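Residue numbers (the numbering used here), protein chains in the order written: chain A, 1 to 370; chain B, 1001 to 1633. Note that CB positions come from ideal geometry on N, CA and C, so glycine has one too. Since the model is a prediction, treat every value here as computed from it, not as a measurement. Presented below is the structure to which this report refers.
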């Protein structure tokens, strides 16, 4: 059922004539039905049209065209179906090509010969089983990954969360040795997360101190390694995979991981690969002068209460306001299950206006930090 | 569901029930039931020829046995009863029971590939023909059993007399035997075309080369129908035959034209499958292998065959029926019991008072300039009033009256310009041929008002149908643009009906986007040609005396020159063929006027809409073939 009230309100707010409204309704109905209505955090009873109408209303009449054009032309929304696709391609497109090369080395053949020769296939199966897949958050969608690779990956080589207890390590090791022999260890470890925009959550340095998920993981491995039967090889290869990553995050991760590899006193891994299912290009970020009108909107309709609420977190990223999102990423991105805080705050922020303009979200964000 | 008017083709409707809910029976009535060759259609080969979107696939899908059975199973709904009546009129039913077992075989898949195989044309044709026959037999069995009303055991094939030799080749006369043999032939032939390398001729599998002619062997099919034995005529409908190689198509047509075949066979194709001569309707230019239309095969043209006024009327009925079936599927209009024609009121637009006054002043000035006395002006006004009083048109507003008077004043001035003025009295002679106001003058007046004062010109259901040139898909596209605007109005809390101005702007925008989207062969040259013709037609239609009445929307080329063109290898013939086959022009051959025979090249409704020309037929500019050459380059 289409929401005639929502659409009608949008047309009133935008002061469209009938022809303009007809053209825009076509687009709005298409996009809401295949994408936007699937957003997980709309208020009860409201979907995209209602949310868009409420969102547009907060802008002055003169600014509404800019705001609407931003949604029409710049917004990037990753739907559930699209997220499912990047999860499904992870093993065939990222894991398999790398492991095929490793299997070829192990079998002493060329990578293109792996599937054609028995020893190649056996080596590949061996290398694949000796790879461990670890989810870093709920977003890593390990359930979907498991289902997409049923029969290809064993349940005993996938771990949904990073905090792995001693008992679990022992289980993982025992199953691996049962299948592959007493000497078997995990040679490759894949750390999987859904999205990175700045790379900060994964690895950062604050006042000389390293923080982030990679640091935590490394510490955990170094600690677990002291126990007998620890299943990960000494010089294991670490693969950091995000289903979706920005170009900015990829560069930051590459530099910071290289820095950490060089400078960490105790480092559990040998080489590191950084990969992603979908790399968002650098032009995704809103920049001057091309996006001047939208960036001005972000300045004019901003409530600094947002910064105060997230101050500790923001300070770590070295920023003094949240106009353009966390780490000043200024990206126009929405994921179907939540809007990243790196996205422009006009998209997701909800404030009462104590320290500026009250902010009404288009895609309400479920916040972990404040 | 999104706007159902904008769906492209019947093939996208997967579910039989959904298809039956929206399908209009009108094409069955229009093209089959009223055909002069109705009786021969299940015996002779039939070529059903139409533009893209004229409803060929819809017609074939509706006539398939499984669809006929679905309709006949439940006659409690109006929709099914309407469809059943049309099927009966078209000969698919007899005494309320099916008479034909029809199956549709799409030709867009791999048949064309056979033409690329390295064998003799005769071998390639046989392979394709046998695959068609195998798939037709399998399709027939699927159709007969689709509704789970009978099993294979309830189906029996009846052989043609003296076809004993062929019965064994086709697997006998039982449904199981026919199915197994068809599967065997299909598998063998498919493996030849689908393989990476074609086998040498001598290595072709036996199943693919041994004789297989079910079309020649079978004359009828007996099935169980609600507890009684029913004999059905088999019919295969080869859809989109234009996808085949032209030589392959001709060979298959020749093979299917053998007189001993009792299996009905229809070939549905686009106009562009034919040669320019055949498309442009030149007598004796069809590739028919010494076969005669009507005696050896039947041609059914979905456009441009019958009397054109009647064709327009038929199409209006069909189009309106389709629109009224689609309308309830539009979400926001669902509960309004809306009638499509009522949502497109033909209420004439009114000029604003300011503009009307401006027009009156302008007409007065022209009266003075032309030296027309007030008495003559009064007489002209009376002629106009008299015509409008008796006219059936609803558009009789003051501005039309004024514009008509202006045209008649100019005509008067021209008619008396060579008469000698008198020194002693006012110069106000009667013209040699008296002035007359008719529907042509009224139409010209409306054109002038549109051209000069932007008064809406094309609106209402009749204009919408005329804009579509008897093409169902085009009609749905135009109607879809209007329905989208109606939806917008409903969403914004207004009544869905569109006034004349809103209708016209939507139609013009759509027409332009259709023309911008032309991407068929020679599209750019076709665009140049129609734009050039439209410009000249506009110029002549703007003449203040409206020399051509309602205005022009066509050019005429001497028939002899067109005949020479079609006999030559000139590329212009191909440009004209594709223009015609894709709805840019309409060609009317051997039109007599002024003691000469002309080939009229008319602009279609889409082009007329985009350029603001009249839909009324008849007004044309006399040109030579060299003009077409220049205009299309």
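Just to confirm before moving on: does the CB-CB distance between residue i and residue j stay below 8 angstroms?
i, j, result
"residue 1252 of chain B", "residue 1125 of chain B", "yes"
"residue 954 of chain B", "residue 1447 of chain B", "Coverage of chain B is limited to positions 1001 through 1633, which leaves residue 954 of chain B absent and any answer about it impossible."
"residue 1352 of chain B", "residue 1500 of chain B", "no"
"residue 1691 of chain B", "residue 1318 of chain B", "A query on residue 1691 of chain B cannot be resolved here, the shown segment of chain B reaching from 1001 to 1633 and no further."
"residue 50 of chain A", "residue 3 of chain A", "yes"
"residue 1333 of chain B", "residue 1486 of chain B", "yes"
"residue 257 of chain A", "residue 203 of chain A", "yes"
"residue 134 of chain A", "residue 185 of chain A", "no"
"residue 1529 of chain B", "residue 1579 of chain B", "yes"
"residue 146 of chain A", "residue 188 of chain A", "no"
"residue 1613 of chain B", "residue 1538 of chain B", "yes"
"residue 197 of chain A", "residue 342 of chain A", "yes"
"residue 1298 of chain B", "residue 1103 of chain B", "no"
"residue 1458 of chain B", "residue 1504 of chain B", "yes"
Determine the chain A residues that contact residue i at a beta-carbon separation under 9 angstroms, and present them in chain order.
i, result
"residue 1527 of chain B", "Near residue 1527 of chain B there are no residues of chain A at all, since even the closest Cβ is about 24 angstroms away, more than 9 angstroms."
"residue 1513 of chain B", "Within 9 angstroms Cβ-Cβ: nothing; residue 1513 of chain B doesn't reach chain A, min ~11 angstroms."
"residue 1101 of chain B", "Within 9 angstroms Cβ-Cβ: nothing; residue 1101 of chain B doesn't reach chain A, min ~41 angstroms."
For residue i, which residues does DSSP report across the bridge?
i, result
"residue 238 of chain A", "A/189 and A/272"
"residue 1602 of chain B", "B/1554 and B/1586"
"residue 1101 of chain B", "B/1234"
"residue 1298 of chain B", "B/1046"
"residue 132 of chain A", "A/189"
"residue 1239 of chain B", "B/1106"
"residue 1267 of chain B", "B/1047 and B/1238"
"residue 1279 of chain B", "According to DSSP, residue 1279 of chain B bridges with nothing at all."
"residue 1220 of chain B", "B/1158"
"residue 211 of chain A", "A/204"
"residue 303 of chain A", "A/356"
"residue 338 of chain A", "A/335"
"residue 1592 of chain B", "B/1597"
Just to check, is the beta-carbon of residue i closer than 7 angstroms to a non-hydrogen atom of the ligand ADP?
i, result
"residue 44 of chain A", "As for the ligand ADP, it is missing from this structure, which has no ligand bound."
Along chain A, which residues have their Cβ under 8 angstroms away from the Cβ of residue i?
i, result
"residue 1167 of chain B", "In chain order: nothing, as chain A lies at least about 50 angstroms away."
"residue 1505 of chain B", "19"
"residue 1610 of chain B", "What residue 1610 of chain B touches in chain A: nothing, since even the nearest Cβ is about 17 angstroms away."
"residue 1017 of chain B", "Simply none; closest approach about 22 angstroms."
Taking buried to mean at least 16 other C-beta atoms within 10 Å of its own C-beta, is residue i buried or exposed?
i, result
"residue 1553 of chain B", "buried"
"residue 1067 of chain B", "buried"
"residue 228 of chain A", "exposed"
"residue 225 of chain A", "exposed"
"residue 364 of chain A", "buried"
"residue 1418 of chain B", "exposed"
"residue 1276 of chain B", "buried"
"residue 17 of chain A", "exposed"
"residue 126 of chain A", "buried"
"residue 244 of chain A", "buried"
"residue 1622 of chain B", "exposed"
"residue 206 of chain A", "exposed"
"residue 1284 of chain B", "The predicted model places residue 1284 of chain B with a pLDDT of 45, which falls under 50 and marks its position as unreliable; any figure quoted below should be read in that light. Exposed, because fewer than 16 other Cβ atoms sit within 10 Å of the Cβ of residue 1284 of chain B."
Taking residue i as the query, report the chain B residues whose CB atoms sit under 9 angstroms from its CB, ordered along the chain.
i, result
"residue 139 of chain A", "What residue 139 of chain A touches in chain B: nothing, since even the nearest Cβ is about 32 angstroms away."
"residue 96 of chain A", "Neighbours of residue 96 of chain A on chain B: none; closest Cβ ~26 angstroms, over 9 angstroms."
Residue i touches chain B at which residues, Cβ-Cβ below 7 angstroms?
i, result
"residue 8 of chain A", "1491, 1492 and 1493"
"residue 26 of chain A", "1484"
"residue 246 of chain A", "Neighbours of residue 246 of chain A on chain B: none; closest Cβ ~33 angstroms, over 7 angstroms."
Just the chain B side, please: which residues come within less than 8 angstroms of residue i by C-beta, in chain order?
i, result
"residue 378 of chain A", "Outside the modelled stretch of chain A, which goes from 1 to 370, sits residue 378 of chain A, for which no answer is possible."
"residue 11 of chain A", "1488, 1491 and 1492"
Listing by chain order, which chain A residues have their CB less than 7 angstroms from the CB of residue i?
i, result
"residue 1502 of chain B", "18"
State yes or no: is the beta carbon of residue i nearer than 8 angstroms to at least one beta carbon in chain E?
i, result
"residue 66 of chain A", "Reference to chain E is not applicable here, since the protein chains of this structure are A and B."
Positions along the region 337 to 353 of chain A whose CB lies within less than 7 angstroms of some CB in chain B: Listed by position, the residues of the region 337 to 353 of chain A near chain B (Cβ gap below 7 angstroms) amount to none.
Give the residues from the region 1480 to 1495 of chain B that approach chain A closer than 8 angstroms (Cβ to any Cβ), ordered along the chain. Listed in sequence order: 1484, 1485, 1487, 1488, 1489, 1490, 1491, 1492 and 1493.
Of the residues that make up the region 1556 to 1589 of chain B, which ones have a beta carbon closer than 8 angstroms to any beta carbon in chain A? Result list empty, no residue passes.
Chain A contacts made by the region 1036 to 1057 of chain B, where a contact means CB separation under 8 angstroms: Those would be none; no residue qualifies.
Along the region 253 to 270 of chain A, where does the CB come closer than 7 angstroms to a CB of chain B? Name the residues. Of all residues in the region 253 to 270 of chain A, none is placed with a Cβ closer than 7 angstroms to any Cβ belonging to chain B.
What are the residues of the region 173 to 202 of chain A that lie near chain B, defined by any Cβ-Cβ distance shorter than 7 angstroms? Cβ contacts with chain B come from no residue of the region 173 to 202 of chain A.
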